[in-house]
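Q: Numbering-wise, the sequence shown is residues 1 to 71 according to full-length UniProt numbering.
Mind looking over this structure? Questions follow.
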Amino acid sequence: MMQEIERVVEQTKNNYSSMYMDVKLRRPTEIAFLNGYLVKMADKAKFRPYMNVSLLHHIKMREMIPLAAQP
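Here you go:
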């Protein structure tokens, strides 16, 4: 198993996560989509998921901030 782990690590060492790339390219993220959907469904049920609303706002704010330049 250790050999397989090392093989996968070696093959993917230069990969970036899709969410990182979404943030970097200023695209909507999966977490924004999922939380937005949850908030929308809660609104229909006359329920206010305060933490999810807060998280959604934080995500939207973060999406507006460019990432720092990489060295």
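From the three backbone atoms N, C-alpha and C, an ideal C-beta is built for every residue, glycine too.
Can you look up K46 in the DSSP assignment and give me helix, strand or coil?
A: In this structure, K46 counts as coil in the three-state DSSP scheme.
Q: So what's S54 in DSSP terms, helix, strand or just coil?
A: DSSP places S54 in helix when its eight states are reduced to three.
Q: With a 10 Å radius around its C-beta and 16 neighbouring C-beta atoms as the bar for buried, classify N35 as buried or exposed.
A: Classification for N35: buried.
Q: How far does the alpha helix (DSSP H) with T12 in it extend, from its first residue to its last?
A: First-last of the alpha helix (DSSP H) with T12: M2 to T12.
Q: Could you compute how far the alpha carbon of H57 sits from the alpha carbon of V9?
A: One C-alpha to the other measures close to 34 Å.
Q: Indicate the three-state DSSP secondary structure (helix, strand or coil) for M64 in the structure shown.
A: Looking at M64 - three-state DSSP - the assignment turns out to be coil, as it is neither helix nor strand.
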